[in-house]
Structures are given as structure tokens and as C-alpha cells.
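Asks: I'd like to ask some things about the structure below.
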Amino acid sequence: MQTLIEYIGVKTSVSKKSIENTIALLEQDCTIPFISRYRKEVTGNLDEVQIGEIDSFKKEFETLQKRKESILKSLEEQEVLTNELQQKIEATVNLVDLEDLYLPYKKTRKTKTDTARENGLEPLAKIIMAQNANDLEFVASKYINSTISSEEEALEGARHIIAEWVNERIDIRNLLRNQYERYAEISTKIVKTKKEEEAQKFRDYFDWSESLKRCPSHRLLAILRAENEGFIKTKVTINEDRALDMIANRVIKSNNECATQIELAVKDAFKRLLAPALSNEALGNAKEKADDTAITVFEKNLQQLLLCPPLGEKTILAIDPGFRTGCKIVCLDKQGSLLHNETIYPHEPRKEATQAIKKINTLVNAYKIEAIAIGNGTASRETENLIKRIRFDSDVQVFVVSEAGASIYSASKIAREEFPNYDVTVRGSVSIGRRLADPLAELVKIEPKSIGVGQYQHDVDQTKLKNKLDRVVESCVNKIGVNINTASKPLMSYVSGIGEKLAENIVLYREEHGPFTSREEIKNVARLGNKAFEQSAGFLRIKNADNPLDDSSVHPESYQIVEKMATDMKIAVNELIGNKPLIKKIDLRIYCTAQVGLPTLKDILKELEKPGVDPREKAKMFEFDPNIKTINDVRSGLILPGIVNNITNFGCFVDIGIKESGLVHISNLTNAYVTDVNEVVTLQQHVQVKVLGVDMQRKRIQLSMNF
Numbered sequence: 001m002q003t004l005i006e007y008i009g010v011k012t013s014v015s016k017k018s019i020e021n022t023i024a025l026l027e028q029d030c031t032i033p034f035i036s037r038y039r040k041e042v043t044g045n046l047d048e049v050q051i052g053e054i055d056s057f058k059k060e061f062e063t064l065q066k067r068k069e070s071i072l073k074s075l076e077e078q079e080v081l082t083n084e085l086q087q088k089i090e091a092t093v094n095l096v097d098l099e100d101l102y103l104p105y106k107k108t109r110k111t112k113t114d115t116a117r118e119n120g121l122e123p124l125a126k127i128i129m130a131q132n133a134n135d136l137e138f139v140a141s142k143y144i145n146s147t148i149s150s151e152e153e154a155l156e157g158a159r160h161i162i163a164e165w166v167n168e169r170i171d172i173r174n175l176l177r178n179q180y181e182r183y184a185e186i187s188t189k190i191v192k193t194k195k196e197e198e199a200q201k202f203r204d205y206f207d208w209s210e211s212l213k214r215c216p217s218h219r220l221l222a223i224l225r226a227e228n229e230g231f232i233k234t235k236v237t238i239n240e241d242r243a244l245d246m247i248a249n250r251v252i253k254s255n256n257e258c259a260t261q262i263e264l265a266v267k268d269a270f271k272r273l274l275a276p277a278l279s280n281e282a283l284g285n286a287k288e289k290a291d292d293t294a295i296t297v298f299e300k301n302l303q304q305l306l307l308c309p310p311l312g313e314k315t316i317l318a319i320d321p322g323f324r325t326g327c328k329i330v331c332l333d334k335q336g337s338l339l340h341n342e343t344i345y346p347h348e349p350r351k352e353a354t355q356a357i358k359k360i361n362t363l364v365n366a367y368k369i370e371a372i373a374i375g376n377g378t379a380s381r382e383t384e385n386l387i388k389r390i391r392f393d394s395d396v397q398v399f400v401v402s403e404a405g406a407s408i409y410s411a412s413k414i415a416r417e418e419f420p421n422y423d424v425t426v427r428g429s430v431s432i433g434r435r436l437a438d439p440l441a442e443l444v445k446i447e448p449k450s451i452g453v454g455q456y457q458h459d460v461d462q463t464k465l466k467n468k469l470d471r472v473v474e475s476c477v478n479k480i481g482v483n484i485n486t487a488s489k490p491l492m493s494y495v496s497g498i499g500e501k502l503a504e505n506i507v508l509y510r511e512e513h514g515p516f517t518s519r520e521e522i523k524n525v526a527r528l529g530n531k532a533f534e535q536s537a538g539f540l541r542i543k544n545a546d547n548p549l550d551d552s553s554v555h556p557e558s559y560q561i562v563e564k565m566a567t568d569m570k571i572a573v574n575e576l577i578g579n580k581p582l583i584k585k586i587d588l589r590i591y592c593t594a595q596v597g598l599p600t601l602k603d604i605l606k607e608l609e610k611p612g613v614d615p616r617e618k619a620k621m622f623e624f625d626p627n628i629k630t631i632n633d634v635r636s637g638l639i640l641p642g643i644v645n646n647i648t649n650f651g652c653f654v655d656i657g658i659k660e661s662g663l664v665h666i667s668n669l670t671n672a673y674v675t676d677v678n679e680v681v682t683l684q685q686h687v688q689v690k691v692l693g694v695d696m697q698r699k700r701i702q703l704s705m706n707f
């Protein structure tokens, strides 16, 4: 029977020792960020991706073992478990083979086969399968009784039993699986509906067919969404004649009356049992691969978005633009606290532009505003033009900020807790402003799939999506580190070893005792024990602490190493930090121990050079083409500035300053062949694009970056 270590070893290229040590750490409730950052010597310097794979395969193996236990228990209860069957089940290494072994013993609703067996026709089925009898009508006549009225009825019942035997043969199922994997075709047919207008967005798939294995992720998910919404019907098929011949070659060994009956049973088995089950399985496998591809795209996009350049600690005036309902304005201090809010009406229908300009100018002066954040939704361009007409007394930077997910946040429990006395419009404006200051700190408050950077995120496996995206958020938060004295509860909850309850306790402690002055003080937080401290301390930053290492990613368990380095150089720790010439003189071999090796020591030196420095770039200003205000202004041949706002496997979408984003197909990214869009562009990247075409009816814009 395969062990957990062997199971993971087959699926990865990681050494046995690294797998064993990593599993041991995971079972000690160590987090992936902690293991990858602070236990490099133990794992053999594995990164987060490799540790994440080990964790996933560990869970996969545990699911398989749990299913084996459930099946063995069921077989024991049915009193059909033999030593041979048990050995086969225990030796199985995947769920598909396991379910095939269990198939003959599954308790399901009463079938035609059950009825035939109850009518005593199994012996007749065995005679036919032996393929020796020549006068089957005579043989079948012996089975006529009160429930079987004719020879044909007896033969039909026997065929039902044979069909089930064929269906349960693992070799035949695997033979057909291979056919579905290699040659399956997915086809669609339109379904008449009253929602004709809604259906039009799927019109490309009203009468579609292609190889299932070549159907790209985004297209398969689009087809399945169209089916779920009732606009089309899908079918997955293989060549039936070839499939029947392949099965027949496995089971028919004669050329007599028995062969004729078996041939009929094979046809019944394929159409009634095998094809429905295996076509669904093939589609399920394709859907799983499509899900994985879409989730991977989403992971990459989310990581890029969370790590987008922050403006930093600035006083910000944020505007959520609007026409009829006005523009909601908030003023935030350098920590993102709300200082002031009100509404102005510069656009249609009230057109109070002069009053709005005066008000904004007054607020900028009163709150010493350093930057203005404008949401990119309705009336964004008009509001941006209004702001650019204002002559401020000081240098004020103007940014257009994505509103994606802001409405989700503003109506959330988190927003209500932060701003119980303000409505959703104020909360939304605050979110826009804070998103400019620090995208990561604000976006963690929104469910990742609501941020809108991906493809078909609502159609993929939601549990898998959540697990993957939560891991991305956790990775990003811990990569940057968190200021324990300013971080919100949602941000803190993603810190390694913390979670929601401890995050809440940290905030309560901070409110009661004031700012933390040292990492050691973190241990005073209620229910934050040694384990949680070990996992979290290296990722929590304390600005202006007595010990400068408290504002670095050096873990407290390694402080003594840094202190020894400083002592050996006859200087204080704070004199060593940031002193590159001295740091370069340190011979790391002197400080190697059984617990701390070169990988960790190199990380320590790297951090000592620039302790607590945010690795993200700073936010940059951007301007759209002032002549492009709606899709009606867009025409072929124009070259426009834009911002990449979504990346998919087939290209990227670019915001050119209007409601509709344009698509740069993967073939139009560069003059070279591109396999991964992420290798060419990143989210929020400033680009120049050329308009290739505009479909006014479908509101689609085709763009190119290769010109």
C-alpha cells in the first residue's frame, strides 16, 4: 500500500526528506508563508509554490484514504469483501480506479438488471457469455415462468445482466476513457427561449462543435454557462461504431447465436450505461482542467493587483463620481481615517460646476490634501476633467482608481463595523481613497472573486477558487509585512498564525493599551500563545520600536545572531542596520549552526541592508486621451493610452477611459509568439494601444499593442 510520502514523491520532484520535513511542519500547524520564509534549512529551501503543492497532495491523499475506508466499510456491511478485493482497493492510487472497483457493489435504485436477476435469468446470461450454446431459443424456453412470458423476454433480461457486466469491466471502461480523452467532441445546439436578447451574448455557441481536449478554458466555461442559463444544450460524443467494435473485440469470442445476443447487449451497455457515465466524466475532467486554468489566471491577476504600487501615507481626497446622485467626496488623513464627507453636483442635471470647484479647492487647502483619487465608474472622465480645471495652491497629484468591488465592500459587515454611522456611498468613497494609498490593505476586505480580475470566476469550483485565492492573499500580505499599530482587522487576519479571532484581540489590545512598542509585547494579547507568536512575529512590523529589528522581517528567534554579528564588529545593532559596506564584510559561515544555515543567514543580511522597506513600486499618475469620452469617439486607427485592467489566457483587457474596456488578443500583444500573457503585460500597467476595430452592436473594441 502506497504511503503518503510515496504518493507525494510520485507527483513532485521534491526529495523524500524535504517532503517528510515539510509534512511534519504542516502537521505542527505551521503556515506556508512561515515555513517558506523561516524554515528553509528544514525543507531544503522549498518555496511557497512547492510547499503549497505538498500541502495540496497531502489533502488529496487523505481524501483518497477516507474514501477507501468508507468503501471498505460498505463492502463489509454487504458481506462481499474478499481479501483480493481489499488488496485491490488498498493498492489503488486514484479515485477513478477506486470508484470503478466499487461500481458493482454500489447501492442504487432498482435497475433492469436487478429485475432480470429476480426473475432467475442470471444462469441464462452466463450460458450466453460462455458462447457455446447453438440453440438459444430452446435454452431460453427453460426460463419461461409466471413472470417471463416468452423466449425473447428471457433473452432480453439476460442481455440486461450482460450489459451490466460489460459496464462494470474496468478494462472496457479504461479503453473507452482513452477514446474520450483523445477523440471526444463537444457539440452544442440552440434552445429556443423568450430571453432572446440575453441569449445573443452566447450566439457564437448556438451551433458549435470542436475537439473537447482542444477547447480552451474560457470557451468551455462560456459554453457551460450558456447551457446553465438555458440557451443551449451540450453533448460530448465519441465515434460510436469504433467504440462498439472495441468492446465487442474484448467480449465476443465466437460466431454463433450467443455472439448476436452479446452484440445487442454491448450496444445497450454503451448507449444506456457507458456513454452517459463516461461522457459526463470526460466533460467533468475537462471542466476541472478549465477551472484550474481559470483559477491560475485569477491567482496571477489577484497577486499582481494586491501588489500594485501604493501611493503611501498621504492625505487624500477621494471622489466616487456620479451624475444625478452627485459626486461623493471624502477627505482622509495619512492613516486613512475619515475626516470629512459631503456631496457635490457638478454634472448633469444640476450642473453646479463652479460651486463644486470652489468646494474642492477649499477642502484641499483645509485638509492639506496631497492626492486626489477618482473612481473609474460613471462620470469618472467628466469628474477628472473638472479636477484638472482647478488651480490648486499646492502640488496635488490626481489618480483614477478602479472601483471594482468597492460596492461589495461598502455594503459588507466589515464596512458597517468600520463606519456604523455612514451610508454605503461614504464607505465606497473611503474605499476608493484607501485603495490608492495601499491597494493591498484595502482589497483584503473584499471577497477576492468580487474584485473582477479573472475569467468566469463564478463558474469554476467555488471551494477550490476560495482556497487558492485565500492562499494568494495570505502570501501577498506576509510578503509585504503588516504594521501592527495601523493594520485593520481584515488585513491582520491574513498574517501567518493570526486569523480572525486573534486579529480582533490585537485590535482590542491596541485600543486599550495604545500602540505596541515591541514585538515582545505582542505576547500580552489575549489567547496569543507561543505558537501563534512564532508563526506571526516575523511578519508584524513595529515602527520606531526600541529594537530596530522589530521593524524588519528578521524573526525574533534570530535576533541573537544579528546581535552577535554586531558585537563581533564592536558596534551596536542599529549601527549595523543599513550599513552596506559593513554588512558585505560579514562571513556567514561563522554563524552557521545546525538550526540556522546559509539560506536563512542570507535572508537576514538582505533584510539588514534595507529593513522594513516596502518592495512595491510607488503609484504613478496617468492620463487618458481627453478626446475619448464614450465608445462613439473610438474609431479604427486611433492610438490611445490605456491601463491593463484584466488578464486572461486569450489576451488582456485595457481601460481606455470609457465604460467599455478593449481587448488586446494574445496574437496582437507583440510581434513574437506568446504562450503566457502574463509574460508580456501586468495588471495596472500603463500601455499604448491601437484600435483595430469597434463592434458598436456588441459594444466590443479590438485593440493591438503590436504596431
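The numbers in the UniProt record's numbering rise by one with no breaks, and the one at position 327 of the sequence shown is 327. From the three backbone atoms N, C-alpha and C, an ideal C-beta is built for every residue, glycine too. Source: prediction; values computed, not measured.
1. Do isoleucine 232 and isoleucine 190 have their C-beta atoms within less than 8 Å of each other?
2. On the criterion of 16 or more Cβ atoms from any shown chain inside 10 Å, does glutamine 87 qualify as buried, or is it exposed?
3. Which stretch, first to last residue, makes up the alpha helix (DSSP H) that contains isoleucine 357?
4. Going straight from the alpha carbon of alanine 404 to that of valine 477, what length do you get?
5. Would you tell me roughly how many angstroms separate the C-alpha atoms of arginine 391 and lysine 620, rounded to the nearest one?
6. Looking at the structure shown, is arginine 616 part of a helix, part of a strand, or coil, going by DSSP?
7. DSSP has glycine 375 in a bridge; who is on the other side?
8. Assuming phenylalanine 650 and histidine 160 form a contact by the criterion Cβ under 8 Å, report the distance between their Cβ atoms to the nearest whole angstrom.
9. Going by alpha carbons, who is nearest to leucine 443 out of Leu465, His458, Ser407 and Thr425?
10. Can you name the residues that DSSP bridges to proline 321?
11. Glutamine 688 by DSSP, collapsed to three states: which one?
12. Just to confirm my understanding: we take glycine 396, look at its own chain, exclude 5 residues before and 5 after, and list those with CB closer than 7 Å. What are they?
13. Use the C-beta contact count for arginine 427: other C-beta atoms within 10 angstroms, 16 or more gives buried, fewer gives exposed.
14. Buried or exposed: valine 49, going by 16 or more other Cβ atoms within 10 Å of its Cβ?
15. To the nearest angstrom, how far is the alpha carbon of residue 708 from that of leucine 220?
16. Below 6 Å CB to CB, which residues in the same chain sit around glutamate 500 once its five sequence neighbours on both sides are set aside?
17. What are the boundary residues of the beta strand (DSSP E) that threonine 237 is part of?
18. Just how far apart, CA to CA, sit leucine 95 and lysine 58?
19. DSSP beta-bridge partners for glutamine 702?
20. DSSP state of threonine 43, grouped into three classes?
21. Start and end of the alpha helix (DSSP H) containing lysine 328?
22. Between serine 150 and the rest of its own chain, which residues show a CB-CB distance below 8 Å, the 5 nearest in sequence each way excluded?
23. Which partner residues of glycine 642 appear in the DSSP bridge assignment?
24. Taking the C-alpha atoms as reference points, what is the distance between threonine 31 and lysine 126?
25. Which residues in the same chain have their Cβ closer than 8 Å to the Cβ of arginine 117, if we skip the five residues on either side of it in sequence?
26. Please name the residue in Arg350, Ala572 and Pro599 whose C-alpha comes closest to that of glycine 44.
27. Per DSSP, cysteine 652 is paired with what?
28. Among all the DSSP beta bridges, which residues are the ones paired with glutamate 557?
29. How about arginine 541 and isoleucine 577: do their beta carbons lie closer than 8 Å?
30. Quick check on serine 211: does DSSP put it in helix, strand or coil?
31. Excluding the 5 residues flanking glutamate 41 on each side, which residues of the same chain have their C-beta closer than 8 Å to its C-beta?
32. Quick test of your reading: arginine 635 and valine 694, contact by CB under 8 Å. State the CB separation rounded to the nearest angstrom.
33. Looking at the structure shown, is valine 96 part of a helix, part of a strand, or coil, going by DSSP?
34. What does isoleucine 186 pair with, by DSSP beta-bridge criteria?
35. Is the stretch 436–454 touching the stretch 299–307 in the sense that three or more CB pairs, one from each, lie closer than 8 Å?
36. With respect to the alpha helix (DSSP H) encompassing isoleucine 23, which residues constitute its N-terminal and C-terminal limits?
Replies: Checking against the coordinates, here is how it stands:
1. On the sequence shown, residue 232 is found 232 positions in, with the first residue counted as 1. On the sequence shown, residue 190 is found 190 positions in, with the first residue counted as 1. Yes; because the gap between Cβ atoms is below 8 Å, this pair is in contact.
2. As a first step, residue 87 is located in the sequence shown; it is residue number 87 there, counting from the start. Exposed, because fewer than 16 other Cβ atoms sit within 10 Å of the Cβ of glutamine 87.
3. In the sequence shown, counting from the first residue as 1, residue 357 sits at position 357. Its alpha helix (DSSP H) spans residues 353–366.
4. Locating residue 404 in the sequence shown gives position 404, counting from the first residue. Locating residue 477 in the sequence shown gives position 477, counting from the first residue. Cα to Cα, alanine 404 sits roughly 20 Å from valine 477.
5. For the purposes of this step, residue 391 is taken as residue 391 along the sequence shown, with counting starting at 1. For the purposes of this step, residue 620 is taken as residue 620 along the sequence shown, with counting starting at 1. Each residue's alpha carbon lies about 21 Å from the other.
6. Within the sequence shown, residue 616 is the residue found at index 616, counting from 1. Reduced to three states, the DSSP call for arginine 616 is coil.
7. The residue you call residue 375 lines up with position 375 of the sequence shown. DSSP, once it has assigned bridges, lists Val401 as partnering glycine 375.
8. As a position in the sequence shown, residue 650 is number 650, starting the count at 1. As a position in the sequence shown, residue 160 is number 160, starting the count at 1. With a Cβ gap of about 47 Å, phenylalanine 650 and histidine 160 do not count as contacting.
9. For the purposes of this step, residue 443 is identified with residue 443 of the sequence shown, where counting begins at 1. Comparing Cα positions, the closest option is Ser407.
10. One-based indexing of the sequence shown puts residue 321 at position 321. For proline 321, which the question treats as bridged, DSSP gives no partner whatsoever.
11. Within the sequence shown, numbered from 1, the residue matching residue 688 stands at position 688. Strand, per DSSP.
12. Here residue 396 refers to the residue found at position 396 of the sequence shown. First, the amino acid is wrong: residue 396 is valine here, not glycine. Excluding sequence neighbours, valine 396 sits near Val364, Ile369, Glu370, Ala371 and Ile372.
13. Your numbering for residue 427 matches position 427 in the sequence shown. Its Cβ being crowded by 16 or more others within 10 Å, arginine 427 is buried.
14. Your numbering for residue 49 matches position 49 in the sequence shown. Exposed, because fewer than 16 other Cβ atoms sit within 10 Å of the Cβ of valine 49.
15. Look at the range of the chain in this structure, 1 to 707, and you will see that residue 708 is not part of it.
16. Locating residue 500 in the sequence shown gives position 500, where the first residue counts as 1. Answer for glutamate 500: Ser493, listed in chain order.
17. Position 237 of the sequence shown, counted from the start, is the residue given in the question as residue 237. Its beta strand (DSSP E) spans residues 232–237.
18. Position 95 of the sequence shown, counting from 1, holds the residue named residue 95. Position 58 of the sequence shown, counting from 1, holds the residue named residue 58. Spanning the two alpha carbons is a distance of roughly 14 Å.
19. Taking the first residue of the sequence shown as 1, we reach residue 702 at position 702. Looking at the DSSP assignment, glutamine 702 forms a beta bridge with Leu663 and Gly693.
20. On the sequence shown, residue 43 is found 43 positions in, with the first residue counted as 1. Of the three classes helix, strand and coil, the one that applies to threonine 43 here is helix, per DSSP.
21. To locate residue 328, count along the sequence shown from 1; it is residue 328. Segment 327–332 is the beta strand (DSSP E) holding lysine 328; no alpha helix (DSSP H) there.
22. Counting from one through the sequence shown, the residue named residue 150 turns up at place 150. Cβ within range, chain order: Ile144.
23. Taking the sequence shown and counting its residues from 1, one reaches residue 642 at position 642. Val687.
24. Numbered from 1 along the sequence shown, position 31 holds the residue referred to as residue 31. Numbered from 1 along the sequence shown, position 126 holds the residue referred to as residue 126. Approximately 58 Å between the Cα atoms of the pair.
25. The residue you call residue 117 lines up with position 117 of the sequence shown. Cβ neighbours of arginine 117 beyond the five flanking positions: Ile161.
26. Position 44 of the sequence shown, counted from the first residue, corresponds to residue 44. With distances taken between Cα atoms, glycine 44 lies closest to Pro599.
27. The sequence position of residue 652 within the sequence shown is 652, counting from 1. In the DSSP output, where bridge partners are listed per residue, cysteine 652 has Ile647 and Val664.
28. As a first step, residue 557 must be located in the sequence shown, where it is residue number 557. Paired residues: none, contrary to the question.
29. Position 541 of the sequence shown, counting from 1, holds the residue named residue 541. Position 577 of the sequence shown, counting from 1, holds the residue named residue 577. No. Outside cutoff.
30. Here residue 211 is taken as the residue at index 211 of the sequence shown, counted from 1. Strand.
31. Counted from its first residue, the sequence shown places residue 41 at position 41. Result list for glutamate 41: Gln595, Val596, Gly597, Pro599 and Thr600, in chain order.
32. Walking along the sequence shown from the start, residue 635 turns up at place 635. Walking along the sequence shown from the start, residue 694 turns up at place 694. Yes, arginine 635 and valine 694 are in contact; Cβ-Cβ is about 7 Å, under 8 Å.
33. Walking along the sequence shown from the start, residue 96 turns up at place 96. Here valine 96 sits in helix by DSSP.
34. Locating residue 186 in the sequence shown gives position 186, where the first residue counts as 1. Partner(s): Glu210 and Val236.
35. yes
36. Reading the sequence shown from its first residue, position 23 is the one you call residue 23. Residues 16–27.
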